[in-house]
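Protein sequence lines correspond, in order, to chains F and E. So that you can map any letter, position 47 of the first sequence is 47 in my numbering, and since no number is skipped, the others follow by simple counting. So that you can map any letter, position 132 of the second sequence is 299 in my numbering, and since no number is skipped, the others follow by simple counting. Don't be surprised by glycine CBs; every beta carbon is placed ideally from N, CA and C. For reference, the structure is listed below as structure tokens.
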Amino acid sequence: MSSLNARQRNDLMAELQGLRRFCLSLTGAVADADDLLQATVERMLEKGMPEDAHTAKWVYRVCKNIWIDEMRSREVRQRYSPAVQAGTDDTVPSAEVQAGGERNLRAVNEALGRLPDEQRLALMLVTIDGKSYAEAAEILQVPVGTIMSRIARARKNLLTDSALRDL
Amino acid sequence: MTDRDYELLSQYLDGELDAGATAALEHRLANEPDLADLLARLRRLDAHVAASVCAAATDSVPEHVAALLHDDGKVVPLRRPLKRAAWPAALAASVVATLALLLVPGEDGRQPLTGSDALLAGALESEPSRADGWVALADGRALQPVLTFPDRDGNWCREFLLRDDDQDWRGVACREAGRWETQVVAREAFLAAEEAYRPAGASDNDKVAGFITRNAADIALGASEEQALIASDWQDAR
Chain F
1 MSSLNARQRN
11 DLMAELQGLR
21 RFCLSLTGAV
31 ADADDLLQAT
41 VERMLEKGMP
51 EDAHTAKWVY
61 RVCKNIWIDE
71 MRSREVRQRY
81 SPAVQAGTDD
91 TVPSAEVQAG
101 GERNLRAVNE
111 ALGRLPDEQR
121 LALMLVTIDG
131 KSYAEAAEIL
141 QVPVGTIMSR
151 IARARKNLLT
161 DSALRDL
Chain E
168 MTDRDYELLS
178 QYLDGELDAG
188 ATAALEHRLA
198 NEPDLADLLA
208 RLRRLDAHVA
218 ASVCAAATDS
228 VPEHVAALLH
238 DDGKVVPLRR
248 PLKRAAWPAA
258 LAASVVATLA
268 LLLVPGEDGR
278 QPLTGSDALL
288 AGALESEPSR
298 ADGWVALADG
308 RALQPVLTFP
318 DRDGNWCREF
328 LLRDDDQDWR
338 GVACREAGRW
348 ETQVVAREAF
358 LAAEEAYRPA
368 GASDNDKVAG
378 FITRNAADIA
388 LGASEEQALI
398 ASDWQDAR
């Protein structure tokens with residue numbers, strides 16, 4: 001299996017924006033997310049993928065595995081740092097965000113960071129990237145029922161998080 | 168609330184309940200205020216989660232990463248996911264109210280759509296959103312409703328793709344006083360064939376994405392919610 005053919009490259013290009021958000025949900029910081037995105041694309045180009053594989057599902061799995069196997073093991077991710085954390089150089093919230101709800105956004109990010117990884121991944125794939133439960137199940141390689149229960153537990157945990165009780 | 172309630176509401180929000188389960192849950196929601204309140208809190212939570220991620224992600228893929236996929240100088244334009252999406256309500260809450268772009272010319276100065284378009288409006292009124300496939304309009308154009316969301320004025324809006332001859336458009340129309348008016352539209356670059364390329368820049372999705380970000384009051388509806396809304400002739404009280 002060599003690099004990607006034109007169709008696969010095109011499919012991958014179409015996934016990059018969503019994949020970047022997924023990377024951000026994994027890493028919690030824009031700079032790390034972009035590193036992960038680049039590593040994922042490079043891995044795809046290097047290793048290729050089967051002709052009959054679904055590009056989106058394949059690349060999300062590659063991304064997740066890189067994060068778990070490499071970046072996380074190197075402790076790149078110290079903790080899930082708030083994406084809208086004041087003073088971080090690589091996160092530049094818009095004036096609109098600063099004007100309204102910044103405190104809420106920070107609280108949500110901190111609460112997301114307290115979720116178990118498997119719950120946060122399932123939640124992000126569905127609520128941010130618009131994947132169906134079946135698609136998320138394929139990406140995370142677990143049964144659909146597991147995705148369903150992880151997302152429900154993630155939402156319950158967030159709602160009962162002391163920082164988000166006012167939502 | 169039980170864990171099963173959380174699972175049901177989660178599935179409902181995500182459009183993962185079948186018609187029977189949706190009807191049963193909606194019956195409970197109408198009769199159980201605590202359950203309805205929990206659903207509202209979960210909706211707000213989803214909006215905040217979306218906002219927290221989108222606030223940091225500019226949606227612009229780093230050029231050096233995109234360049235890895237360029238093939239012999241050919242550039243493939245990005246196409247936003249067509250499935251259900253989520254938008255930052257928190258972002259929308261603090262922005263300009265009046266972006267009444269009834270007509271936005273394309274880059275070449277052509278005016279692709281008028282504010283009121285009977286054929287487009289008729290299809291938007293009744294056709295569900297979809298990730299694939301097109302609805303043929305009587306004048307030869309083809310429509311693909313993409314998703315449905317509430318705006319800050321309490322109106323329902325729909326993002327759509329419109330194919331007209333060899334040109335594709337992405338736009339948003341909102342329903343006010345029973346009429347669909349196109350609010351913003353921009354040229355969309357699709358691949359004409361699997362191996363064919365068009366230059367980047369032919370797509371101008373930022374206008375549409377920006378409009379949605381500024382005006383969406385909540386996340387897009389799930390399939391079952393949209394189905395119920397269409398069935399109610401868009402009278403669903405949020």
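Could you tell me which chain E residues have their CB closer than 8 Å to the CB of Glu42(F), listed as they occur along the chain?
Within chain E, the residues near Glu42(F) are Leu235.
Need the endpoints of the alpha helix (DSSP H) that Gly145(F) sits in, please.
144 to 160
Name the DSSP bridge partner or partners of Leu413(E)?
No answer is possible for residue 413(E): it lies beyond the span of chain E, which begins at 168 and ends at 405.
Are there three or more Cβ pairs, one per stretch, closer than 8 Å when the stretch 149 to 161 of chain F is compared with the stretch 45 to 61 of chain F?
no
Are the beta-carbon atoms of Ala207(E) and Leu105(F) separated by less than 7 Å?
Not in contact: Ala207(E) and Leu105(F) (Cβ atoms no closer than 7 Å).
Going by CA-CA distance only, name the one from Met13(F), Gly28(F), Gln141(F) that's closest to Thr40(F).
Looking at the Cα atoms, Met13(F) is the closest of the given residues.
Cutoff 7 Å: Ser177(E) Cβ touching any chain F Cβ
yes
Anything in chain E within Cβ reach of Asp34(F), meaning under 8 Å, just list it in chain order.
Pro229, Val232
Selection from Met124(F), Met148(F), Leu121(F), Gln119(F) that minimises the alpha carbon distance to Tyr133(F)
Met148(F)
Segment contact flag, the stretch 170 to 178 of chain E with the stretch 375 to 386 of chain E, C-beta cutoff 8 Å, min 3 pairs:
The stretch 170 to 178 of chain E vs the stretch 375 to 386 of chain E: no contact.
Minimum Cβ-Cβ distance from Gln278(E) to chain F less than 7 Å
Caution applies to Gln278(E), whose pLDDT of 44 falls short of 50 and renders its modelled position unreliable; the model cannot decide the point.
For Gln38(F) and Ala203(E), what's the separation of their Cα atoms in angstroms?
Rounded to the nearest angstrom, the two C-alpha atoms are 43 Å apart.
Looking at the secondary structure, which residues open and close the alpha helix (DSSP H) in which Asn10(F) lies?
6 to 27
Would you verify that the beta carbon of Leu212(E) is, or is not, closer than 7 Å to some beta carbon of chain F?
yes
Cα-Cα separation, Arg330(E) to Arg308(E)
6 Å
What are the residues in the stretch 171 to 200 of chain E lying within 7 Å of chain F by C-beta distance?
Tyr173, Glu174, Ser177, Gln178, Asp181, Glu183
Mark Glu135(F) as exposed unless 16 or more other C-beta atoms lie within 10 angstroms of its C-beta, in which case mark it buried.
Label assigned to Glu135(F): buried.
With H, G and I counted as helix, E and B as strand and the rest as coil, what does DSSP make of Ala53(F)?
The three-state secondary structure of Ala53(F), taken from DSSP, is coil.
Roughly how many whole angstroms lie between the Cα atoms of Ser293(E) and Phe327(E)?
13 Å
If contacts are defined as beta-carbon pairs under 8 Å, then Trp347(E) and Ala398(E) qualify, I think. What distance do you get, rounded to the angstrom?
Actually they are not in contact, since the Cβ atoms of Trp347(E) and Ala398(E) sit about 17 Å apart, beyond 8 Å.
Does any residue of chain F have a CB that is nearer than 7 Å to the CB of Val313(E)?
no
Within 10 angstroms of the Cβ of Ile386(E), are there 16 or more other Cβ atoms? Answer buried if so, exposed if not.
So Ile386(E) counts as buried.
Relative to chain E, which residues along the stretch 135 to 157 of chain F have a C-beta separation below 7 Å, given in chain order?
Listed by position along the chain: Met148, Ser149, Ile151, Ala152, Arg155, Lys156.
DSSP has Trp323(E) in a bridge; who is on the other side?
Looking at the DSSP assignment, Trp323(E) forms a beta bridge with Pro317(E), Arg342(E).
Contact list for Val339(E) against chain F, beta-carbon separation under 7 Å:
What Val339(E) touches in chain F: nothing, since even the nearest Cβ is about 17 Å away.
Determine whether the Cβ of Ala218(E) lies closer than 7 Å to any Cβ atom of chain F.
yes
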